[in-house]
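Q:
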Amino acid sequence: MARQDKQVNVRMPQKLVDELKRNADENKRSVTAHLNFIVEEWLKQQQTNS
């Protein structure tokens, strides 16, 4: 990620944020990196299913 990349703010329930943080820690990623990973994998799956 670079500073010129677009920043996006989202609202999530606290329970989901806590689980996301825990999962990111388990995978040795930052929350941002983990969210990017999740979205990229989801997009790949969507392309495969279409």
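Straight run, no breaks: the sequence shown in the working numbering ends on number 1019. Beta carbons: idealized from backbone N, C-alpha and C, even for Gly. A quick note: this is a predicted structure, and the numbers were derived from the prediction, not measured.
Alpha carbon to alpha carbon, what distance is there between Ser-999 and Arg-972?
A: Going from the Cα of Arg-972 to the Cα of Ser-999 covers about 16 Å.
Q: In whole angstroms, what is the alpha-carbon distance linking Asn-1018 and Ile-1007?
A: Between Asn-1018 and Ile-1007, the C-alpha separation is close to 16 Å.
Q: Helix, strand or coil, according to DSSP, for Val-1000 in the structure here?
A: Val-1000: helix per DSSP, three-state reduction.
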